[in-house]
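Below is one structure; the comments refer to it alone.
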Amino acid sequence: MRIVILGLGAAGANAARTIAAAGRRDVRVEIYGAEPHLYYARPKLPGYLAGEVSLDDLYFYPRSWFEERSIAVHTGARAERVDATGHRIILSEGTRVPYDRLLIATGASSFVPPIPGADLPGVFTLRTIEDAERIRACARECKRAAVIGGGLLGLEAARGLRVLGLDVTVLERGPYLLQRQLDAQGGAIFHREVEGMGIAIETNADTEHIERGAVVLKSGLRVPADLVLIAAGVRSNLELARDSGLAANRGIVVDAHLATSAPDVYAAGDVAEFNGTVYGIVPAAVEQAQAAAKNMLEHGSAEYSGTIPSNTLKIVGIDLTSIGQIAGGEGYTELRRADGPGRYLKLVLRDGRLHGAILLGHKDRVSLVSQAVARQVDLSRYGEAPLGDGFDWRAVLG
Ligand SMILES: Cc1cc2nc3c(=O)[nH]c(=O)nc-3n(C[C@H](O)[C@H](O)[C@H](O)COP(=O)(O)OP(=O)(O)OC[C@H]3O[C@@H](n4cnc5c(N)ncnc54)[C@H](O)[C@@H]3O)c2cc1C
């Protein structure tokens, strides 16, 4: 059986790894990845940008790792189209590659909002090694940077630029930073932590346009910047799927087996939409890839039921993790504790069961609380005790 994988990111590499681990002698795996690189850790790119992570440290496996597992890797190879009826893919340079099962793991690209001036020199996004290198090269010539977007990636990159010695301003459209990981109270505490690192923040900052030397906000404020980084989210890479007639909304639509609308064609990772959700995080890409790989080997052998979103900010000196449901609503109870600078703990319960948490400055209990959220443990008997330092999470987890 010939399994072809398109894309050598977290999803593609982990699918290949799962297939190889099955040790099936009758299965041949080929990966076609558009980038000139072997699989590397995108989450480490802000560290690479800051000069804290070396190029070698970005890569997961050397070429020999793939060779030892008989995984044929083709880098710099972009697929143009899937001929689902003919069971083959067409590469951009024209080669046709037949498959018995196909995994589309082509990921996502940085989203650039339609901001006038976004195409000026000195304006960047951060998704690849080359992006990080271009930003670094520009940073050597620059003094002031603006980061459009106060999400995880924007803040990690802002800190990287600060390490490189630039004056950095983060421009967040919403009323506080990390809108998807924090609530307003946690956002206010976090704001002070980020400012304490020497990073300026403008909230409610809607960009009007970018011009040479500045970002101009709708409020009229001119934020001086000779380097601008746009960190406004990502969009799934859907051209291939659309040109090939696969069903897609925000991502390629997959079912619980990660199967797409075409027979023997699967999708996983940032390119895939499951139950209306494109997760855009590594744990989801890995879980989907593992399930897709098993189903490619034997259809129906693995079911995927979703991933509990969990995000940790990777900024030295600030420990922030948010897990699952972080905002209550009807039927939810919220427990909160803000007990000092840089510290905030929030637990979100439904019918007494833990559905989500925000942990700022509470690194020691991240692992246990994550497990408790994953298992939706019942905390109804404990009142506000789970907020306390002495609370025995291990006992609750059993
Ligand atoms: C700076 C940064 C920091 C991040 N930090 C975190 C974090 O802390 N935690 C977290 O969980 N997630 C983080 N993410 C998100 C995470 O990197 C993604 O969720 C993950 O990479 C998704 O893996 P993927 O394999 O689906 O897609 P990708 O990693 O995007 O890989 C897809 C690959 O397919 C290739 N490709 C595209 N089109 C084609 C084609 N037609 N033919 C062949 N190949 C193609 C692409 O070039 C790419 O190499 C971060 C992302 C960035 C950019």
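For the sequence shown, numbering that gives the first Met the number 0 gives the first residue as 0, with consecutive numbering after it. Built from N, CA and C at the ideal position, the CB exists for glycine as well.
Note that the region 221-231 touches the region 121-131; at least 3 beta-carbon pairs, one per stretch, sit closer than 8 Å. Annotation for residue 136: the continuous alpha helix (DSSP H) segment containing it runs 128-138. For residue 270, the CB falls within less than 8 Å of some heavy atom of ligand 1. A distance below 6 Å between beta-carbons, with the five flanking residues on each side excluded, links residue 395 to the following residues of its chain, in chain order: 376. The alpha-carbon of residue 236 is positioned some 10 Å away from that of residue 103.
For residue 369, same chain residues with a beta-carbon under 7 Å away, outside a window of 5 residues either side, are 309, 322 in chain order. Counted as a single uninterrupted DSSP element, the stretch harbouring residue 323 is not any alpha helix (DSSP H) but the beta strand (DSSP E) occupying residues 319-323. Collapsing the DSSP output to three states places residue 69 in coil. Take residue 39, set aside five residues on each side of it, and the residues of its chain with a beta-carbon closer than 8 Å to its own are 57, 58, 59, 128, in chain order. One thing to note: residue 33 has its Cβ within 9 Å of the Cβ of residue 6. Residue 204 is positioned such that its CB atom lies closer than 9 Å to that of residue 172. Assignment of beta-bridge partners to residue 119 by DSSP yields no partner. The residues 111, 209, 229, in chain order, have a CB closer than 8 Å to that of residue 117 in the same chain once the five nearest residues on each side in sequence are set aside. In the structure shown, the three-state DSSP call for residue 293 is helix. Positions of the beta strand (DSSP E) runs, each at least 3 residues long and wholly inside the region 162-186, are given as 166-170 in order along the chain. Between the C-alpha atoms of residue 291 and residue 8 there is a straight-line separation of about 15 Å.
Taking a C-beta distance under 9 Å as the contact criterion, residue 81 and residue 30 do not qualify as a contact pair. At the C-beta level, residue 306 and residue 282 come within 9 Å of one another. Taking the Cα positions, residue 245 is about 41 Å away from residue 211. Within the chosen limit of 8 Å, ligand 1 does not reach the beta carbon of residue 362 with any heavy atom. Per the coordinates, the alpha-carbon of residue 88 lies some 14 Å from the alpha-carbon of residue 262.
Residue environment analysis places residue 62 among the exposed positions, since fewer than 16 neighbouring C-beta atoms fall within 10 angstroms of its C-beta. When rounded, the separation of the alpha-carbon atoms in residue 304 and residue 312 is 25 Å. The three-state reading of DSSP puts residue 213 in strand, counting E and B together.
Under the rule that a run must span 3 or more residues, the beta strand (DSSP E) segments found entirely inside the region 197-255 read 198-201, 206-210, 213-216, 221-223, 226-229, 233-235, 251-253. Beyond the five residues adjoining it in sequence on each side, residue 301 comes within less than 6 Å, by CB distance, of 290, 293, 294 in the same chain, given in chain order. About 5 Å separates the beta carbons of residue 214 and residue 145, which is inside the 8 Å limit, making them a contact pair. Residue pairing of residue 97 in beta bridges, as defined by DSSP: 87. Taking each of 24, 155, 98, 25 in turn and checking the Cα distance to residue 41, the smallest one comes out for 155. Collapsing the DSSP output to three states places residue 302 in coil. The C-beta distance from residue 234 to residue 78 rounds to 18 Å, too long to fall under 8 Å, and the pair is not in contact. Within the same chain, Cβ atoms closer than 8 Å to the Cβ of residue 331 are found at 324, 347, 348, 349, 354, the five residues on either side in sequence being excluded. If you draw a straight line from the Cα of residue 64 to the Cα of residue 317, it comes to about 35 Å. Residue 15 has its CB no nearer than 8 Å to any heavy atom of ligand 1. Residue range 78-82 is occupied by the beta strand (DSSP E) that includes residue 82.
A straight-line Cα-Cα distance of about 13 Å links residue 247 and residue 267.
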